[in-house]
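Beneath this line is the structure, given in structure tokens, with notes to follow.
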Amino acid sequence: MKLPGWLIIGLSLLVGLAPSAVTAQPTQSAEMRCTGELDAVVAAVFAAADQRTTRDLCRPEVQQVSIPAGDGELIKINPDALPKVGAIQFYGLAGFYNVVQAYRMRDGEVEPLSSVAPDALRPSDWIVLSGRYDALVLRSPGAEMSFTGETVGFSSPAGTPLVFEAVVAPKRSLAAIHPEWDNLEFAHLWNWLGALAGLIEQTIVALHEMTGLSWGITILLFAVALKIILLPTSLLTVRLQQSVDRHQSILAPQLAEIKANYKGEEAHNRIMAAHKALGITPFYTLKPMLVTAIHIPILVALFAALGEMSEFDGVSFLWIDDLSLPDTVGTLEFALPGLGDRISLLPFVMTAATVASALLVRDPSVHADVLKSRKRNLYFMAAGFFLLFYPFPAVMVYYFTLANILHTVFQQFSKPSPS
2 MKLPGWLIIG LSLLVGLAPS AVTAQPTQSA EMRCTGELDA VVAAVFAAAD QRTTRDLCRP
62 EVQQVSIPAG DGELIKINPD ALPKVGAIQF YGLAGFYNVV QAYRMRDGEV EPLSSVAPDA
122 LRPSDWIVLS GRYDALVLRS PGAEMSFTGE TVGFSSPAGT PLVFEAVVAP KRSLAAIHPE
182 WDNLEFAHLW NWLGALAGLI EQTIVALHEM TGLSWGITIL LFAVALKIIL LPTSLLTVRL
242 QQSVDRHQSI LAPQLAEIKA NYKGEEAHNR IMAAHKALGI TPFYTLKPML VTAIHIPILV
302 ALFAALGEMS EFDGVSFLWI DDLSLPDTVG TLEFALPGLG DRISLLPFVM TAATVASALL
362 VRDPSVHADV LKSRKRNLYF MAAGFFLLFY PFPAVMVYYF TLANILHTVF QQFSKPSPS
């Protein structure tokens, strides 16, 4: 899918406002986390037996870790050894953040380790264990590697020490350590989608550094800016939807009469004739959705960026204690399937914004049945997004709430054109 040129230019301009601010650098919180938790994890990973040594890998360079000679035994590295999100358990689709992904990198190409045949691993391949914010990247050129689906194994001939080249670092800083690692941060996305997520991430960071405002206000400014950039598609969608509404209002009584008086092929022929008389096909209602589909890859990239930006780790905003975690105002004594045991307020605010948008849908020129159908669809969408976003990090729900509010405001200013 090729993104519109004006969209790419718009996002590029936002980034270009502060070119010096978008260089990927580890944040202070990331450095603190690296010198604390990750050192202990690296020690646990490599100190598999007495007298085995490890080193501080939390430095911006690839280092060597030598494990003294053994008896040719297999050294196993469990992907779950990498820190994820602390003691917080995510539920539902947000359970993605509980998982450490394992990848094989060869010649700059990244692929899931689970899809690589065990006998296809080479000593020169980099193994990447990627958590939510950080990654462990390592290889052992003189060793044989294996992957069981749960652990990565390295072995060397008896009497030969295992020497690893390894680094643990925030994912965003990996490109500065090794030029071929620039696509590791969003390795779970297609390359072009990962590049878009990286651009969005850099834009948000640049906007924060330029304004000096809180992260919550920065997200608000970014939401407004993105709404302005996407305004041409929004206006086109409105025009197409108005056209659909007008045609549906004309067709509604005709179709009702046809369905009441005719059956089978005769009804079908009359329905097709009614559409043809208006110069449309039965698929004319898909036009607004096709334009709206342009937004989908942008939203996917945006949520990927928001969910994996360590800048939100520990950041509070309004009543939210930590933007990187689900909004929590209380807990239940039991866990709801897919939702968990946390009581969150923000998803209710998000849903209320969507319901308000549905209640404000009024157009005297549109047939009552058509308006009723649109409102019903919005209510179903509100319920669906509530269940979908409830267990996700607060920053993602906060952005979607802002997007709903901005859409409602835009909807009030985009008056229907005369019939």
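The opening position of the sequence shown corresponds to residue 2 in this note's numbering, with each subsequent residue numbered one higher.
Cβ atoms here follow ideal geometry from the backbone N, Cα and C, with glycine treated the same way.
- The Cβ atoms of ALA395 and ASP328 sit closer than 8 Å to each other.
- Here the region 288-303 makes no contact with the region 376-391; the two share fewer than three CB pairs at distances below 8 Å.
- Pairing LEU307 with GLY217 gives a Cβ-Cβ distance that is not under 8 Å.
- Comparing alpha-carbon positions, the option among ILE281, ALA383, ASN378, THR238 lying closest to PHE349 turns out to be ALA383.
- The Cβ atoms of PHE187 and THR204 do not sit closer than 8 Å to each other.
- In this chain, the alpha helix (DSSP H) harbouring GLY265 covers 265-278.
- Residue burial is scored here from C-beta neighbours: ASN405 has at least 16 other C-beta atoms within 10 angstroms and is therefore classed as buried.
- Secondary structure in the region 103-170: the beta strand (DSSP E) runs of 3 residues or longer, each lying completely within the stretch, are 110-113, 127-131, 135-140, 145-148, 153-156 in chain order.
- Taking GLU309 as reference, the option from GLY199, GLN242, LEU221 with the minimal CA-CA separation is GLY199.
- Counting the other Cβ atoms within 10 Å of the Cβ of ILE229 gives fewer than 16, which makes it exposed.
- When rounded, the separation of the alpha-carbon atoms in SER156 and PHE148 is 12 Å.
- Per DSSP, the beta bridge partners of LEU337 are GLY341.
- Looking at the backbone, the Cα of LYS288 and that of VAL164 are separated by about 59 Å.
- For the set VAL316, ALA353, LEU237, HIS269, the Cα lying nearest the Cα of ILE220 is the one of VAL316.
- Counting only residues of its own chain and dropping the five nearest sequence neighbours on each side, PHE304 has a CB closer than 6 Å to the CB of MET397.
- The alpha-carbon separation between GLU334 and LEU340 amounts to approximately 13 Å.
- Counting of Cβ neighbours within 10 angstroms places MET146 among the buried residues, the total reaching 16 or more.
- With contacts defined as CB atoms closer than 8 Å, LEU114 and ARG105 qualify as a contacting pair.
- Around the C-beta of PHE381, fewer than 16 other C-beta atoms lie within 10 Å, and the residue is accordingly described as exposed.
- When the alpha-carbon of LEU403 is set against those of ARG375, SER235, PHE393, THR355, the nearest one is in THR355.
- Per the coordinates, the alpha-carbon of ALA268 lies some 59 Å from the alpha-carbon of ALA207.
- Taking VAL245 as the centre and dropping the five residues before and after it, the same chain places the C-beta of TYR285, THR286, LYS288, PRO289 closer than 8 Å to its C-beta, in chain order.
- Cβ neighbours of SER215 within its own chain (closer than 7 Å, five residues either side excluded): PHE318.
- In chain order, TRP216, THR219, GLU312 place their CB closer than 8 Å to the CB of HIS209, counting only its own chain and leaving out the 5 sequence neighbours on each side.
- By the neighbour-count criterion, in which 16 or more other beta carbons inside 10 Å mark a residue as buried, SER125 falls on the exposed side.
- Under the criterion of beta carbons closer than 8 Å, HIS248 and ILE281 qualify as touching, at roughly 6 Å.
- DSSP, read as helix, strand or coil, puts THR332 in strand.
- When DSSP states are grouped into helix, strand and coil, PHE223 belongs to the helix group.
- Bounds of the alpha helix (DSSP H) holding GLU210 are 192-212.
- Cβ-Cβ separation between ALA95 and PHE401: approximately 13 Å, too far for a contact (criterion under 8 Å).
- With respect to VAL138, TRP182 sits close: the two C-beta atoms are nearer than 8 Å.
- Here LYS376 is near ALA359, since their CB atoms are less than 8 Å apart.
- Secondary structure at PHE284: coil, using DSSP grouped into helix, strand and coil.
- Listed as beta-bridge partners of PHE318 by DSSP are ILE321.
- Between the beta-carbon of LEU407 and that of ALA302 there is about 18 Å, and that puts the pair past the 8 Å contact cut.
- An exposed status is given to ALA118, since fewer than 16 other beta-carbon atoms sit within 10 Å of its beta-carbon.
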